[in-house]
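Beneath this line is the structure, given in structure tokens, with notes to follow.
2 protein chains.
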Amino acid sequence: MRTVLPSGMRVVTERLPGVRSAAVGLWVGVGSRDEWPDEEGAAHFLEHLLFKRTPTRTAQSVAVEMDAVGGELNAFTTKEYTCFYAHVLDEDAALAIDVVADVALRGECAAADVDLEREVVLEEIAMREDDPEDLAGDLLVEAVLGGHPLARPVIGSDGSIESMTADRIRGFHRGRYRPESMVLAVAGNITHDEVVRHARAATGADAAASAAPAPVRSGRAAAADSGRLVVHPHDGEQVHLAIGIPTFGRSEGELRWPLAVLNHAVGGGLSSRLFQEIRESRGLAYSVYSSIETYADAGVFSVYAGCRPDNLAAVADQVRRILESIGRDGLGEDECARSRGALRGGMVLGLEDSGARMNRLGAGELARGYHVPLSESLDRIAAVTREDVRAVAAELLRRPRSAVVVGPFEDEAELPAELFAAVGRARPSPRR
Amino acid sequence: MRTVLPSGMRVVTERLPGVRSAAVGLWVGVGSRDEWPDEEGAAHFLEHLLFKRTPTRTAQSVAVEMDAVGGELNAFTTKEYTCFYAHVLDEDAALAIDVVADVALRGECAAADVDLEREVVLEEIAMREDDPEDLAGDLLVEAVLGGHPLARPVIGSDGSIESMTADRIRGFHRGRYRPESMVLAVAGNITHDEVVRHARAATGADAAASAAPAPVRSGRAAAADSGRLVVHPHDGEQVHLAIGIPTFGRSEGELRWPLAVLNHAVGGGLSSRLFQEIRESRGLAYSVYSSIETYADAGVFSVYAGCRPDNLAAVADQVRRILESIGRDGLGEDECARSRGALRGGMVLGLEDSGARMNRLGAGELARGYHVPLSESLDRIAAVTREDVRAVAAELLRRPRSAVVVGPFEDEAELPAELFAAVGRARPSPRR
Numbered sequence: 001m002r003t004v005l006p007s008g009m010r011v012v013t014e015r016l017p018g019v020r021s022a023a024v025g026l027w028v029g030v031g032s033r034d035e036w037p038d039e040e041g042a043a044h045f046l047e048h049l050l051f052k053r054t055p056t057r058t059a060q061s062v063a064v065e066m067d068a069v070g071g072e073l074n075a076f077t078t079k080e081y082t083c084f085y086a087h088v089l090d091e092d093a094a095l096a097i098d099v100v101a102d103v104a105l106r107g108e109c110a111a112a113d114v115d116l117e118r119e120v121v122l123e124e125i126a127m128r129e130d131d132p133e134d135l136a137g138d139l140l141v142e143a144v145l146g147g148h149p150l151a152r153p154v155i156g157s158d159g160s161i162e163s164m165t166a167d168r169i170r171g172f173h174r175g176r177y178r179p180e181s182m183v184l185a186v187a188g189n190i191t192h193d194e195v196v197r198h199a200r201a202a203t204g205a206d207a208a209a210s211a212a213p214a215p216v217r218s219g220r221a222a223a224a225d226s227g228r229l230v231v232h233p234h235d236g237e238q239v240h241l242a243i244g245i246p247t248f249g250r251s252e253g254e255l256r257w258p259l260a261v262l263n264h265a266v267g268g269g270l271s272s273r274l275f276q277e278i279r280e281s282r283g284l285a286y287s288v289y290s291s292i293e294t295y296a297d298a299g300v301f302s303v304y305a306g307c308r309p310d311n312l313a314a315v316a317d318q319v320r321r322i323l324e325s326i327g328r329d330g331l332g333e334d335e336c337a338r339s340r341g342a343l344r345g346g347m348v349l350g351l352e353d354s355g356a357r358m359n360r361l362g363a364g365e366l367a368r369g370y371h372v373p374l375s376e377s378l379d380r381i382a383a384v385t386r387e388d389v390r391a392v393a394a395e396l397l398r399r400p401r402s403a404v405v406v407g408p409f410e411d412e413a414e415l416p417a418e419l420f421a422a423v424g425r426a427r428p429s430p431r432r
Numbered sequence: 001m002r003t004v005l006p007s008g009m010r011v012v013t014e015r016l017p018g019v020r021s022a023a024v025g026l027w028v029g030v031g032s033r034d035e036w037p038d039e040e041g042a043a044h045f046l047e048h049l050l051f052k053r054t055p056t057r058t059a060q061s062v063a064v065e066m067d068a069v070g071g072e073l074n075a076f077t078t079k080e081y082t083c084f085y086a087h088v089l090d091e092d093a094a095l096a097i098d099v100v101a102d103v104a105l106r107g108e109c110a111a112a113d114v115d116l117e118r119e120v121v122l123e124e125i126a127m128r129e130d131d132p133e134d135l136a137g138d139l140l141v142e143a144v145l146g147g148h149p150l151a152r153p154v155i156g157s158d159g160s161i162e163s164m165t166a167d168r169i170r171g172f173h174r175g176r177y178r179p180e181s182m183v184l185a186v187a188g189n190i191t192h193d194e195v196v197r198h199a200r201a202a203t204g205a206d207a208a209a210s211a212a213p214a215p216v217r218s219g220r221a222a223a224a225d226s227g228r229l230v231v232h233p234h235d236g237e238q239v240h241l242a243i244g245i246p247t248f249g250r251s252e253g254e255l256r257w258p259l260a261v262l263n264h265a266v267g268g269g270l271s272s273r274l275f276q277e278i279r280e281s282r283g284l285a286y287s288v289y290s291s292i293e294t295y296a297d298a299g300v301f302s303v304y305a306g307c308r309p310d311n312l313a314a315v316a317d318q319v320r321r322i323l324e325s326i327g328r329d330g331l332g333e334d335e336c337a338r339s340r341g342a343l344r345g346g347m348v349l350g351l352e353d354s355g356a357r358m359n360r361l362g363a364g365e366l367a368r369g370y371h372v373p374l375s376e377s378l379d380r381i382a383a384v385t386r387e388d389v390r391a392v393a394a395e396l397l398r399r400p401r402s403a404v405v406v407g408p409f410e411d412e413a414e415l416p417a418e419l420f421a422a423v424g425r426a427r428p429s430p431r432r
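Residue numbers (UniProt numbering), protein chains in the order written: chain E, 1 to 432; chain Z, 1 to 432.
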């Protein structure tokens, strides 16, 4: 169910009478893509800071309150939104709603807290630098989306975080965190009316001037006309390869489900082509898969594999063969049917816990402004034809491919020819 | 509910009528601690291999069967057991039971499959080597438990995997994978009688000679009399510090709950001392926590922190202060009550999904031979007193401490004095 409070904040709920808990999320339609170039990392830094202090709470008192009831409290920032969430016993839902609303609406950005939390964010950047699989994924989105604001890393850089001021972050908070851009999503053993009542109390919504929800993001980014090849030197036992292609934004939503079916068949599960060819038949990698990121106006399809450097040429060669084969012939009839079945089953199984339900409610409301019932999504998947998938695959294979290599290589001259072939480029002449 | 099949295999179930799924696990009471020193990694290698081929299935046909119904299928190996599991819609439970039983009981170890899967396991070892946080945890258990079979890494080493033969693995399978050591655990929307019927069909249990379940592991390992300090050089932005103390095995089960309360207060949540002192008050680390590993006859309490090398001295100093303070004074009354509340709430919230329920059923049956109802565990936590915790904390602080440092250091001469102090040792004289 859905209610718009007078402040413009939306409240969306799903009752799950089978559980004893409630998952509560305060979603803000603000992410790293909303930063100006000179405030890179501000959205994520702000998410950290808001927990530090509100007019009635400190970081420690929030931690004590939630811990005393066994609740879990956390937050995350993406390129398009920020979510403050809690998972608590149903009887503690009012407390959870009060905490996430207090933090998001009334969190302060004291200068001393900014300096302290700056160190924590710098540690987080150092940690990301030491996680080559994650890093390859982030760098791939940067490579595929080029100069678009979506290309920037959510976390910022050492330089942008070191120079961030309290004023700058406060300005970002005041300007961006408007009730009209917020969604309170709750899934669990609690009624919609109870949630609305707690939300009114927690947000002071009734005192606010009347406002309507902010419109959803829209638009369609211009597609990049060439791919990039990025080598990020990293000492380690494995090389981490990510290959990506620009796909579609939510405004091209009709292509979403064929793309999902395609992705599943390429690298979404144990029977996928990547897993069967690269791991099961050839033992070239332990971890290999494909995935899709979708934003309002752009998207990325990507393939990841981690392997020892000696296997890189063979892995790149298999990835190229699989992509080219699918671009040419699409999927087999059985393969297409199996991928539809796997997506539908996985969607039902994945929505069993209250946290996943809450995420679907909150992210969906921000992305589309309305709720898509599970049954409708299942019907859409069932309706995907082999021809739909073939058309999407052919379109993708016409687009430029990018690649990122994180591993023991200094520059692209050291990479095997198979990797250049996988992104449709000729290998430059060897160095003299 | 619990039934022993004629083969000695146990079937344990929990009905969850609120869900539409079933989580199915075939648990085998065999792990890396059961390997001879010259077959290190055999239990985990075998777990990989069994998926490759049975008399009626191949790796690909299993993947296709599960994918077609949207099911998830996987397995993991620990030091004490191996689990083959699936998560499926309730209507597909019979298929899931058939697959996990077929794989565990009738999986083959063809020589060609061994050679192919050897490469995958070597990739997995390379991947672990590139995950410094996981690596620090594994090395810490090795350091704390010294020469005990539990100390060896589950995954084996490059050398042990390269020299592993098909005969050796087949021998391990035949000798160790007995129905008496197996537990089929199912949680979901399915009755006990249905599960037993599917289990009889899938295992051929009725044709087997009559057998009783294997006894649970018991004993009590001799405590180490000194700690170790291990430096594992690793290029990266962060240093990963793990500090550990030998604790108690399941045979000293009465100490389990005071230790759990202690662990929560030290580093189990947002209000814990480690999080508040090291991250919130000083910004010295992004990730910092403590945890407990419990085996039949031994256990390890450990503290982890990841930080930039410049912060290592300050982090080690805070860890020492926190451990010494708790060893001397135990917990405050509020702190103890809050930790009990957090553990109880977290346990209820953590058991909402069918997979977690299934894990608790299967691992519990192997570890203890009987089921502990959730209400009993909650009562045991509620009964922990401040004095119980103080006694456990004092005992721990009398035991030798070990530390592992994974990061940009070549040897212990480069480590700060604060780290030596944290494990109760004097720093050796600096190199000349």
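Ideal placement from N, C-alpha and C gives every residue a C-beta, glycine not left out.
Of the candidates Z/Q318, Z/A22, Z/K52, Z/A296, the residue whose Cα lies closest to the Cα of Z/L95 is Z/A22.
Three or more beta-carbon pairs separated by less than 8 Å are not found between the segment 312–320 of chain Z and the segment 39–56 of chain E, which leaves the two stretches without contact.
Note that the C-beta distance between Z/T294 and Z/S7 is not below 8 Å. In the three-state scheme derived from DSSP, where H, G and I count as helix and E and B as strand, Z/H240 is classed as strand. Z/A394 is not a Cβ neighbour of Z/V423, given a cutoff of 8 Å.
Close to E/L397, with beta-carbon spacing below 8 Å, lies no residue of chain Z; the smallest spacing is near 24 Å. Using a Cβ distance threshold of 8 Å, Z/Y286 and Z/L274 do not count as a contacting pair. By a beta-carbon distance limit of 8 Å, Z/I278 contacts Z/A305. Their separation comes to about 6 Å. In terms of beta-carbon proximity, Z/M358 stays away from the interface with chain E, with every pair separated by 8 Å or more.
Residue Z/E123 holds the alpha-carbon nearest to the alpha-carbon of Z/S157 among Z/D98, Z/E123, Z/V141. Taken in chain order, no unbroken stretch of beta strand (DSSP E) lies wholly in the segment 306–373 of chain Z with a span of 3 residues or more. When C-beta distances to chain Z are compared with 9 Å, the residues of the segment 254–266 of chain E below that value are H264, in chain order. Nearest to E/R20 by C-alpha distance, out of Z/G346, Z/R256, Z/F84, Z/L140, is Z/G346. E/G171: member of the alpha helix (DSSP H) spanning 166–176, first to last residue. The beta carbons of E/R176 and E/D34 sit closer together than 8 Å. Using a Cβ-Cβ cut-off of 8 Å, E/C83 does not count as an interface residue toward chain Z, since no Cβ of chain Z sits closer than that to its own. Closer than 8 Å to the CB of Z/M1 there is not a single CB belonging to chain E. Of all residues in the segment 223–251 of chain E, only D235, G236, E237, Q238 place a beta-carbon less than 8 Å from a beta-carbon of chain Z. For Z/F76, the uninterrupted beta strand (DSSP E) segment begins and ends at 72–77. Residue Z/V266 holds the alpha-carbon nearest to the alpha-carbon of Z/L323 among Z/V266, Z/E376, Z/P373.
Taking 8 Å as the cut-off, the beta carbon of E/L343 is found closer than this to the beta carbon of E/H264. Ranking Z/S375, Z/G146, Z/E335, Z/M66 by CA distance to the CA of Z/G227 puts Z/G146 first. If you check each beta-carbon in the segment 342–376 of chain E against every beta-carbon of chain Z, the ones closer than 8 Å belong to A342, L343, R344, G345, G346, M347, V348, L349, E352, D353, S354. Z/D92 places its beta carbon less than 8 Å from that of Z/V69. Within the segment 266–301 of chain E, the complete beta strand (DSSP E) segments of 3 residues or longer fall at 287–294, listed in chain order. CA-CA distance, E/F248 to E/P416, rounds to 30 Å. Fully contained in the segment 79–113 of chain Z are the following alpha helix (DSSP H) runs of length 4 or more, in chain order: 93–106. Cβ atoms of Z/V405 and Z/L135 stay farther apart than 8 Å, at about 11 Å.
For Z/R360 against Z/A296, the beta-carbon gap comes to about 17 Å, at or over 8 Å, which does not count as contact. The beta carbon of E/S163 sits closer than 8 Å to no other beta carbon from its chain once the five residues preceding and following it are set aside. The three-state secondary structure of Z/T56, taken from DSSP, is coil.
Interface annotation, E/D67: in contact with chain Z, CB-CB separation under 8 Å. With a cutoff of 8 Å on beta-carbon distance, Z/P246 and Z/A224 are scored as near each other.
With respect to the 8 Å criterion, E/E333 and E/R386 are classified as neighbours on the basis of their beta carbons.
Residues of chain Z whose Cβ lies closer than 7 Å to the Cβ of E/D130 are, in chain order, P132, G236, E237, Q238. The contact set of Z/L140 on chain E, defined by CB atoms closer than 7 Å, is empty, because the minimum CB distance reaches about 18 Å.
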